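Note that the sequence shown covers residues -21 to -1, 1 to 808 in mature numbering (1 follows the signal peptide of the UniProt record, and there is no 0). Below is one structure; the comments refer to it alone.
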Amino acid sequence: MRTSCFITSLLLLAPAVWTAAKQDKSDLELITEDFQILARITNAAFLQAALVRKDVKARDVIVEFLKITPLDFNQITAIDAQSAIKSITKTYQNAQQFAKMNESDKHQLDDIANSFDSKLEDWDDEPWNPVMKTSLEDLYTESDKIFQTFSRACRESTLKSIDSLSEYINLEDDSRPLGETTASKVKDFKNDFKSIKPCFEKIRDFLKVMSSSSLKTDENSPDIVLRDTKENILRLDYWKTATGLIQESWTNSSDIWGKESVLRSYTSLGQQLSELIQFHKLHSDSLDSPPNSLTIGFLQPDDTQKVQQDLRSMWFEKHFVRKANVETLSKALKPFLEISKTIKSLADKWFPIYRLDDETAENYKEVAEFLKVVDNYVPNQKTYDLQIGLLVGTFSKCFKPPANEFNATRLLYEAQSKPRIKALEGLDKLITAAEKFLETNFINESSIYGLAAENCFNNFEQFLSGNINETNSFPIIKDMRQNYTKCVARRGYNMTHLVFSFSNVYTKMRSYLELSAAVDESDKKRTQTTLVTLEEVVKQSNTVPSLECLRNEKFNATNLEKLMPIARLLATMTSPPSATFVKAIESYLGSIAQVKSALANVEKTIRAVKSRSKRAVSSGETNPVLALNISRLENENMGTCVKALSNLIEVRARRNQLLSVGRFDGDARDLMSKESGLEDFMDSTDELSKLLKQADDLDTKAKSWREKSLEEMSAVFQEMTHMRGILGDRDKLWKLSKSNSTDDPKFDGAKKKWEVLTEINLNFQVYEKEVANGTVVVATLKKRFDHIFGHDQDNENNKLTFDVWLKLISIFFLILYVIAFFTLADLPC
């Protein structure tokens, strides 16, 4: 008895509990769910009929469900994923085995690959003929003689006088005490000026003589020949090592790689992967999925599974079925049910890899780049074998290592010649300083500046006062500097340039004097009676015959370039990518393989639907799906109306987040103002508040509409035509938030707000046309369903019954009128 009462109580409470559970949702959500039922059934019927009639392509339907463009999806699924996994696995195993080579060889191979370009630039195909016109001793003697002539005209003591000016030429503080030494230096400069002037002029003469000397005209001067000899030895040794290592590594790689590598198509696997990743990342970087029309009634692929349940829903029964037999339509939609199962399976495989993040994409790219290089192995193996064989054979034939005594001979020559070579280097630095002096002071130019500079120096003595002492030395220095600068009258040039460029000549001259003294000292201490000649050094190096043979055998830069891809290939093969990255991309390709398998199943199912006989839609039509004859426009319009309602529900759910955005100021606002179309986002509070108020009002009205007829319920769409929202360019705002210009931490707060504004669509004007037609579309769909459920016949019968009763009532009142007329006629007046 108690059990029975308990069960009865539960049964009585059930409706109340159900109602309470449903009321957890707003009335706007409930009316949206009702119309979603209609949108899903409509879309299912339209899609199945369109496939039967071959009005749509299967792939277009599929990519809409997967929320991706046909181009991106085709590029992602174009790869033979299973074959790619096998190739990657084998390639990685080979690379790991090859990478076990000696570490020093690996580093050297990597260095060869990385420095190949620069080494090719160093290779000189021109003949090298180190025939010297002048010996080192004669070259030094000739050059020193020219210097001695110059030094007699420009004595060191004279140069020292102008060099002393550099210590105080830039003094600016007239309160600084200037001692007797400073005044004395200025006096010395004035007294020595007559000697300085010819020194100034002799610099030009010195350079003129040196320019025609052996030091400047002999391209095969001893120091250059010695340098080139050593460089050629290093160059030949480098290429001997490089070609030998490349040959050895190539032989080892052939034992591992050449016999087992998987043959691939013309487009390498690495290239295919690069393109796949590029298109997948391009898709991933888009804000929204592409717009859909064929499947717009299904917000998610899983919604396709709800159609059979929708057909039996209380709402569809109340407004459409109305006690008719729904089983005929349910049975007719069985093909769509089969398609929906395969679509769900495909979506389950696809959406876990729907988007690639930046880090994952970069990891995949590393593997792809590795494969792009390694993929060159098999198709080029014979060509590379031939190139390596020819170059290594040529080098083995031509290369002659230096003689055993070469190093000892070279060191002895360098020890004997070092003082003279150093002295000549010092003289060359003096020449450079002198050239810089003329260039700085425009001495060599016949232009107005050059003539002015020379004229000013000739009159330099006039800028100095004759009576110089400790008291007036600073004003004299200052006046001298200003007067000379005014005289030259050249922008950016003053007396400081003259003094310091002259001082540099003096410094280099002193340095050469010390080096030439070291030559004399070395000659006095020399113990060898016979000097080693440079010719003997060159001969023992064996560089001349080696280079000549290589030139004759076409061992040149052009042919050496052919080794570059081989070196890079081998270096890459020794450095495979991380095992983690390889496993990740194999898993990714495995997912793509599953997607392709599921895709094939969907296409097979769709083909089965398409192959069903096409029946003409007529009054005798037995297939209710075809009889509905729902157009693409009606399906798209109904789906868009439901999408607009769902979008509005999302806006209400994010009320607090949206209203917290407020106004953008400062740097964020400045950045937004530079982009057109973002004005509405700068201060969105008013528009969002208005939109939310309209949504709340719509929710209130939805409660009464849900209890009324279908036509009255559809008024919800008409109410949405006045909704505006934010009309700004949401995609542009999203791209701004992702751009490099917003990387600064000062934009962190703004970026969070931009994310809120771009997460969902806030522009309800995009739905205006469709929601305006919503009521008409619902009415049209009702008529179509009334037709297949037989309610249009009921309407005709009801109309006929009404007409009959109207006629009978009219006749009845006519009879009453006649009776009344005759009755009144018989009465006495």
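All C-beta atoms in this analysis are idealised placements derived from N, C-alpha and C, irrespective of residue type, glycine included. Being a predicted model, the structure only gives us computed values, none of them experimental.
key: Cβ-based neighbour list, Glu210, same chain, cut-off 7 Å, excluding 5 preceding and 5 following   = For the purposes of this step, residue 210 is taken as the residue at position 231 of the sequence shown. If the five residues before and after Glu210 are omitted, its C-beta is found closer than 7 Å to no C-beta atom of its own chain.
ask   = Would the beta-carbon of Gly656 fall within 8 Å of that of Asp727?
value = Translated into positions along the sequence shown, residue 656 becomes position 677. Translated into positions along the sequence shown, residue 727 becomes position 748. Cβ atoms of Gly656 and Asp727: not closer than 8 Å.
DSSP three-state assignment for Arg586, whether helix, strand or coil = Within the sequence shown, residue 586 is the residue found at index 607, counting from 1. Here Arg586 carries a helix assignment [DSSP, helix/strand/coil].
request  = Kindly identify the DSSP beta-bridge partner or partners of Val662.
outcome  = Locating residue 662 in the sequence shown gives position 683, counting from the first residue. Per the sequence shown, the amino acid found at residue 662 is Asp instead of Val. Per DSSP, Arg642.
ask   = If you count every other CB in all the chains shown that lies within 10 Å of the CB of His701, and 16 or more means buried, which is it?
value = In the sequence shown, counting from the first residue as 1, residue 701 sits at position 722. In the assembly as shown, His701 is an exposed residue. Its beta-carbon has fewer than 16 other beta-carbons within 10 Å.
Buried/exposed call for Arg586, threshold 16 Cβ in 10 Å = Here residue 586 is taken as the residue at index 607 of the sequence shown, counted from 1. So Arg586 ends up on the exposed side.
message = List, from N- to C-terminal side, the beta strand (DSSP E) runs of 3 residues or more that fit wholly inside the segment 151 to 224.
response = Runs found: none.
request  = Please determine, among Thr664, Gly368 and Thr601, the residue with the shortest C-alpha to C-alpha distance to residue 880.
outcome  = The requested residue 880 is not part of the displayed model; the chain covers only -21 to 808.
request  = Kindly list the residues whose CB is nearer than 7 Å to the CB of Leu712, restricted to its own chain and excluding five residues on each side of it in sequence; keep chain order.
outcome  = Taking the first residue of the sequence shown as position 1, residue 712 is located at position 733. These residues qualify, in order along the chain: Leu657, Phe660, Trp733, Leu736 and Thr737.
Nearest neighbour of His259, chosen from Asp281, Phe295, Thr339 and Leu194 [CA to CA] = By one-based count along the sequence shown, residue 259 stands at place 280. Comparing Cα positions, the closest option is Thr339.
query = Where does His86 land, buried or exposed, given buried means 16+ other C-beta within 10 angstroms?
reply = Counted from its first residue, the sequence shown places residue 86 at position 107. Counting Cβ neighbours within 10 Å, His86 comes out exposed, since fewer than 16 surround it.
ask   = How should Gly368 be labelled, buried or exposed, when 16 other C-beta atoms within 10 angstroms of its C-beta is the threshold for buried?
value = Walking along the sequence shown from the start, residue 368 turns up at place 389. Exposed, because fewer than 16 other Cβ atoms sit within 10 Å of the Cβ of Gly368.
query = What number of angstroms, rounded off, separates the C-alpha of Leu529 from the C-alpha of Gln251?
reply = Counting from 1 along the sequence shown, the entry for residue 529 is found at position 550. Counting from 1 along the sequence shown, the entry for residue 251 is found at position 272. Those two C-alpha atoms are separated by around 41 Å.
Secondary structure of Asn742, DSSP reduced to three states = Start at 1 with the first residue of the sequence shown, and residue 742 comes out as number 763. Three-state DSSP puts Asn742 in a strand.
task = Put Gly618 into one of helix, strand or coil per three-state DSSP.
result = To locate residue 618, count along the sequence shown from 1; it is residue 639. If DSSP states are grouped into helix, strand and coil, Gly618 belongs with the helices.
ask   = Sorted by chain position, which residues of the same chain lie with C-beta nearer than 6 Å to Leu17's C-beta, five sequence neighbours on each side aside?
value = For the purposes of this step, residue 17 is taken as the residue at position 38 of the sequence shown. If we look at Leu17 and ignore the five residues flanking it on each side, it has no Cβ neighbours.
ask   = Could you give the C-beta distance for Arg611 and Phe14, rounded to a whole number, given that I count them as a contact under 8 Å?
value = Residue 611 sits at position 632 when you count from the first residue of the sequence shown. Residue 14 sits at position 35 when you count from the first residue of the sequence shown. Contact between Arg611 and Phe14 fails: their C-beta atoms lie close to 19 Å from each other, not under 8 Å.
task = Tell me Gly704's beta-bridge partners as DSSP assigns them.
result = Position 725 of the sequence shown, counted from the first residue, corresponds to residue 704. Beta-bridge partners of Gly704 (DSSP): Asn742.
task = For the alpha helix (DSSP H) containing Ser62, list its first residue and its last residue.
result = As a working mapping, residue 62 is identified with position 83 in the sequence shown. From DSSP, the alpha helix (DSSP H) with Ser62 extends over Ala60 to Phe77.
request  = Go ahead and pull the three-state DSSP assignment for Gln279.
outcome  = In the sequence shown, residue 279 corresponds to position 300, counting from 1. In the displayed model, Gln279 falls within coil according to three-state DSSP, outside both helix and strand.
task = Give every residue of the same chain whose Cβ lies closer than 7 Å to the Cβ of Lys725, excluding the five residues on either side of it in the sequence, and list them in chain order.
result = To locate residue 725, count along the sequence shown from 1; it is residue 746. Beyond the five residues adjoining it in sequence on each side, Lys725 comes within less than 7 Å, by CB distance, of Asp646 in the same chain, given in chain order.
request  = Please confirm if the segment 222 to 238 is in contact with the segment 313 to 327, defined as three or more CB-CB distances below 8 Å between the two stretches.
outcome  = No contact exists between the segment 222 to 238 and the segment 313 to 327.
ask   = Helix, strand or coil for Leu308 per DSSP?
value = On the sequence shown, position 329 is the one that residue 308 refers to. Correct three-state label for Leu308: helix.
task = Output the distance between the C-alpha atoms of Trp294 and Ser557, rounded to the nearest integer angstrom.
result = Counting from one through the sequence shown, the residue named residue 294 turns up at place 315. Counting from one through the sequence shown, the residue named residue 557 turns up at place 578. Straight-line Cα distance between these residues: approximately 57 Å.
key: Cβ separation of Ile322 and Phe44, assumed to be a contact under 8 Å, to the nearest whole Å   = Against the sequence shown, residue 322 aligns to sequence position 343. Against the sequence shown, residue 44 aligns to sequence position 65. Yes, Ile322 and Phe44 are in contact; Cβ-Cβ is about 5 Å, under 8 Å.
task = Using the Cα positions of Leu793 and Glu306, report the straight-line distance between them to the nearest angstrom.
result = The residue given as residue 793 occupies position 814 in the sequence shown. The residue given as residue 306 occupies position 327 in the sequence shown. Whole-angstrom Cα-Cα distance: 49 Å.
request  = Can you tell me which of Ala37, Val353 and Lys166 puts its alpha carbon nearest to the alpha carbon of Lys69?
outcome  = Counting from one through the sequence shown, the residue named residue 69 turns up at place 90. Lys69 has its Cα closest to that of Val353, out of Ala37, Val353 and Lys166.
ask   = Would you say Ile410 and Asp202 are within 8 Å of each other, going by their C-beta atoms?
value = For the purposes of this step, residue 410 is taken as the residue at position 431 of the sequence shown. For the purposes of this step, residue 202 is taken as the residue at position 223 of the sequence shown. No, the Cβ-Cβ distance between Ile410 and Asp202 is not below 8 Å.
key: Backbone CA spacing between Asp3 and Val581 [nearest angstrom]   = Translated into the one-based positions of the sequence shown, residue 3 becomes position 24. Translated into the one-based positions of the sequence shown, residue 581 becomes position 602. The straight-line gap from Cα to Cα measures roughly 37 Å.
ask   = Is Leu403 closer than 8 Å to Leu186 when the C-beta atoms are compared?
value = The count along the sequence shown starts at 1 and reaches residue 186 at position 207. The count along the sequence shown starts at 1 and reaches residue 403 at position 424. In this structure, Leu186 lies away from Leu403, with their beta-carbon atoms at least 8 Å apart.
key: Ser688 (DSSP reduced to helix, strand or coil)   = Locating residue 688 in the sequence shown gives position 709, where the first residue counts as 1. Reduced to three states, the DSSP call for Ser688 is coil.
ask   = Around the C-beta of Thr584, are 16 or more other C-beta atoms found within 10 angstroms, so that it is buried, or is it exposed?
value = Taking the first residue of the sequence shown as 1, we reach residue 584 at position 605. It counts as buried.
request  = Return the residue from the list Val516, Ala497 and Tyr567 that minimises the CA-CA distance to residue 814.
outcome  = No information on residue 814 is available, as it lies outside the stretch -21 to 808 that the chain covers here.
query = What residues in its chain sit with their C-beta under 6 Å from that of Leu740, if we drop five residues either side in the sequence?
reply = The count along the sequence shown starts at 1 and reaches residue 740 at position 761. Note on residue identity: the sequence assigns Asn, not Leu, to residue 740. In its chain, beyond the 5 residues on either side, Asn626 have a beta carbon closer than 6 Å to the beta carbon of Asn740.
message = Alpha carbons only, please: which of Trp329, Gly641, Lys397 and Leu224 is nearest the one belonging to Ser83?
response = One-based indexing of the sequence shown puts residue 83 at position 104. Of Trp329, Gly641, Lys397 and Leu224, the smallest CA-CA separation from Ser83 is found for Leu224.
message = Excluding the 5 residues flanking Ala132 on each side, which residues of the same chain have their C-beta closer than 7 Å to its C-beta?
response = If you number the sequence shown from 1, residue 132 lands on position 153. Only Pro177, Cys178 and Lys181 meet the Cβ criterion.
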